[in-house]
Amino acid sequence: MKRFFQPVKKDESFKKPKLSENTSSSQIEQQRKEEEGEDTENAEENNNNNNKEPTKFVTWNANSFLLRVRNDWPEFTKFVETHDPDVIAVQVIRISPPFSAPTGKGSSKNPGELKDDTNASREEKQIVMRALSSPPFRKYNVWWSLSESKYAGTALLVKKCCQPTKVSFSLDRIASKHEADGRVILAEFESFRLLNTYVPNNGWKEEENAFQRRRKWDKRILEFAMQSSDKPLIWCGDLNVSHQEIDVSHPDFFSAAKLNGYVPPNKEDCGQPGFTLNERKRFSAILTEGKLIDAYRYLHKEKDMDRGFSWSGHPIGKYRGKRMRIDYFIVSEKLKDRIVACEMHGHGIELEGFYGSDHCPVSLELSTSSDSSQI
107 MKRFFQPVKK
117 DESFKKPKLS
127 ENTSSSQIEQ
137 QRKEEEGEDT
147 ENAEENNNNN
157 NKEPTKFVTW
167 NANSFLLRVR
177 NDWPEFTKFV
187 ETHDPDVIAV
197 QVIRISPPFS
207 APTGKGSSKN
217 PGELKDDTNA
227 SREEKQIVMR
237 ALSSPPFRKY
247 NVWWSLSESK
257 YAGTALLVKK
267 CCQPTKVSFS
277 LDRIASKHEA
287 DGRVILAEFE
297 SFRLLNTYVP
307 NNGWKEEENA
317 FQRRRKWDKR
327 ILEFAMQSSD
337 KPLIWCGDLN
347 VSHQEIDVSH
357 PDFFSAAKLN
367 GYVPPNKEDC
377 GQPGFTLNER
387 KRFSAILTEG
397 KLIDAYRYLH
407 KEKDMDRGFS
417 WSGHPIGKYR
427 GKRMRIDYFI
437 VSEKLKDRIV
447 ACEMHGHGIE
457 LEGFYGSDHC
467 PVSLELSTSS
477 DSSQI
């Protein structure tokens, strides 16, 4: 903190800004630049923008945000420049935070920051922050929820003219708590909440506790949705479930999938993780009881074998050409009349538009609140 802010003067004419969980890492960096007299142009631009409600959103499982920055950033930059989203929700960051990471028994000291206490981690942080400080990403503030294991982690980029009133990192909405593996970022806006999640994979075997972990997660999501009825919800991210047969390219293949010949005792747990009957039933319950709708399926009733899936199997091997829709925008029924568009931005078995990941970006556009009131 000492290197960011000037010492408090005795007459208290200068007061040190207070940082909270709602402060993004890019805001911290911006404060440092302003204190040191840097980047005044960007500061003035930020001050001149009146805060507005976001209407354009993108979600993307980057399958290692660090690798995408290193290997695929020019292409993804063009995508962002073209679509100009107000909010970008990212899953699978695979960058470590300082100190220990969130676990089931405790929380990291700082899972909201990038690790920089080794030469390698400092280099990684510099690569990422350099990318996020260049156009068009310099228009966004970013929040992180990271995992020490580098397995998961999420990020939320929000335009500086569309800032949330509050940001938290758990389904419990406790300000200082981050979910295990950094799976949740929850942003409060004036007229809705936005929930960015990386949902745990169901796994193949009951004895590995994966089934139990996923059942517990689905129960918590249902409770969260039912307790959040005071304000409309936009739930996005890699939800790790294909709701119906129309949401996979080869239903019979995914229904019969096994790992090393293992068959779970309960037939409703059989099949590809993300396409088992139990997962799909629980997802249906979340939508029905939470009064939520699938924005993409609301607009696209028919199966689209070219552009109707967000995940694609490796181009080499038995999963070649096998695809699933597991990345979503789920919105409260109250918002359905504001849905303008919801699209998958990748297609084909060669993963065009996936930008190096095995998931493609998915976008949502809403009409403004004033427009919807006239419908």
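107 is the number of the first residue of the sequence shown in the working numbering; add one for each residue after it.
Glycine included, each C-beta is placed from N, C-alpha and C at the ideal position.
* Beta-carbon gap between R386 and H349 smaller than 8 Å -> The residue you call residue 386 lines up with position 280 of the sequence shown. The residue you call residue 349 lines up with position 243 of the sequence shown. In this structure, R386 places its C-beta atom within 8 Å of the C-beta atom of H349.
* Asked: Which residues in the same chain as I352 place their Cβ atom closer than 6 Å to its Cβ, once the five residues preceding and following it in sequence are excluded?
  -> Within the sequence shown, residue 352 is the residue found at index 246, counting from 1. Excluding residues up to 5 positions away in sequence, K409 lie with their Cβ nearer than 6 Å to the Cβ of I352 in the same chain.
* Can you tell me the Cα-Cα spacing of E296 and E159, whole angstroms? -> Within the sequence shown, numbered from 1, the residue matching residue 296 stands at position 190. Within the sequence shown, numbered from 1, the residue matching residue 159 stands at position 53. Distance between the alpha carbons of E296 and E159: 7 Å.
* Locate the alpha helix (DSSP H) running through M411, then write down its first and last residues. => Along the sequence shown, one-based indexing puts residue 411 at 305. No residue range can be given for M411, since it is assigned to no alpha helix (DSSP H) and is classified by DSSP as neither H nor E.
* Beta-carbon spacing of P338, F298 below 8 Å -> The residue given as residue 338 occupies position 232 in the sequence shown. The residue given as residue 298 occupies position 192 in the sequence shown. Yes.
* Asked: Tell me which same chain residues have a C-beta within less than 7 Å of the C-beta of G57, skipping the five on either side of it?
  -> Because residue 57 is not part of the residues shown, which for the chain are 107 to 481, the question remains open.
* To do: Determine contact between the region 250–270 and the region 308–318, defined as no fewer than three beta-carbon pairs at a distance below 8 Å.
  => No, the region 250–270 does not touch the region 308–318.
* Whether W323 touches V305 by CB criterion (8 Å) -> Taking the sequence shown and counting its residues from 1, one reaches residue 323 at position 217. Taking the sequence shown and counting its residues from 1, one reaches residue 305 at position 199. Yes; because the gap between Cβ atoms is below 8 Å, this pair is in contact.
* To do: Take every Cβ of the region 420–432, pair it with every Cβ of the region 351–370, and state whether three or more of those distances are shorter than 8 Å.
  => When C-beta atoms of the region 420–432 are compared with those of the region 351–370, three or more pairs fall below 8 Å, so the two segments count as touching.
* **At least three beta-carbon pairs within less than 8 Å, the region 325–339 to the region 366–373** => No, the region 325–339 is not in contact with the region 366–373.
* Are the region 258–266 and the region 277–294 touching, with three or more C-beta to C-beta distances below 8 Å? -> A contact between stretches requires three or more CB pairs, one per stretch, nearer than 8 Å, and the region 258–266 meets this requirement with the region 277–294.
* **Coil, strand or helix - F389 by DSSP** => Position 283 of the sequence shown holds residue 389. DSSP places F389 in helix when its eight states are reduced to three.
* Asked: For F275, which residues does DSSP report across the bridge?
  -> The count along the sequence shown starts at 1 and reaches residue 275 at position 169. BP columns for F275 point to H284.
* For N177, count neighbouring C-beta atoms within 10 Å of its own C-beta (all shown protein chains included) and say buried if the count is 16 or more, exposed if not. => Working through the sequence shown from its first residue, we reach residue 177 at position 71. Result: exposed.
* Span separating the alpha-carbon of S240 from that of V234 -> Stepping through the sequence shown from its first residue, residue 240 is reached at position 134. Stepping through the sequence shown from its first residue, residue 234 is reached at position 128. Approximately 10 Å, taken between the alpha carbons.
* Roughly how many angstroms lie between the CA atoms of S274 and R413, to the nearest whole one? -> Taking the first residue of the sequence shown as position 1, residue 274 is located at position 168. Taking the first residue of the sequence shown as position 1, residue 413 is located at position 307. Rounded to whole angstroms, S274 to R413 spans 33 Å at the Cα level.
* To do: In angstroms with no decimal places, state the Cα-to-Cα distance between N372 and T474.
  => Here residue 372 corresponds to residue number 266 of the sequence shown, with the count starting at 1. Here residue 474 corresponds to residue number 368 of the sequence shown, with the count starting at 1. If you take the alpha carbons of N372 and T474, they lie about 46 Å apart.
* To do: List the whole-angstrom C-beta distance separating W249 from G218, where the pair is believed to meet the contact cut-off of C-beta under 8 Å.
  => In the sequence shown, counting from the first residue as 1, residue 249 sits at position 143. In the sequence shown, counting from the first residue as 1, residue 218 sits at position 112. So it is a contact: roughly 7 Å between Cβ atoms.
* To do: Could you say which of D223, I445, I432 lies nearest to P203 if we only look at CA atoms?
  => The residue given as residue 203 occupies position 97 in the sequence shown. Selected option, being the one with the closest Cα: D223.
* Option in L345, L220, P242 with minimal Cα separation from Q232 -> Within the sequence shown, numbered from 1, the residue matching residue 232 stands at position 126. Looking only at L345, L220, P242, the smallest Cα-Cα distance to Q232 is reached by L220.
* Report buried or exposed for M411, applying the criterion of at least 16 other Cβ atoms within 10 angstroms of its Cβ. => On the sequence shown, position 305 is the one that residue 411 refers to. It counts as exposed.
* Continuous beta strand (DSSP E) assignments of at least 3 residues falling wholly in the region 410–463 -> Segments of the beta strand (DSSP E) lying fully in the region 410–463: 433–438, 445–450.
* Taking K442 and Y404 to be in contact with their CB atoms under 8 Å, please state how far apart those CB atoms are, rounded to whole angstroms. => Along the sequence shown, one-based indexing puts residue 442 at 336. Along the sequence shown, one-based indexing puts residue 404 at 298. At roughly 6 Å, the Cβ-Cβ gap stays under 8 Å, so K442 and Y404 are in contact.
* When you compare only the Cα positions, how much space is there between I399 and V175? -> Looking up residue 399 in the sequence shown gives position 293. Looking up residue 175 in the sequence shown gives position 69. Approximately 33 Å between the Cα atoms of the pair.
* For S463 and chain C, any beta-carbon pair shorter than 8 Å? -> This model lacks chain C altogether; it includes just one protein chain.
* If you draw a straight line from the alpha carbon of A391 to that of D433, how long is it in whole angstroms? -> As a first step, residue 391 is located in the sequence shown; it is residue number 285 there, counting from the start. As a first step, residue 433 is located in the sequence shown; it is residue number 327 there, counting from the start. Going by C-alpha positions, A391 is about 18 Å away from D433.
* What is the residue span of the beta strand (DSSP E) that V186 lies within? -> As a working note, residue 186 is residue 80 in the sequence shown. From DSSP, V186 is part of no beta strand (DSSP E) but of the alpha helix (DSSP H) over 179–189.
* Please work out which residues of its chain come closer than 6 Å, Cβ to Cβ, to V164, disregarding the five sequence neighbours upstream and downstream, and give them in chain order. => Translated into the one-based positions of the sequence shown, residue 164 becomes position 58. Cβ neighbours of V164 within its own chain (closer than 6 Å, five residues either side excluded): P191, I194, P467, S469.
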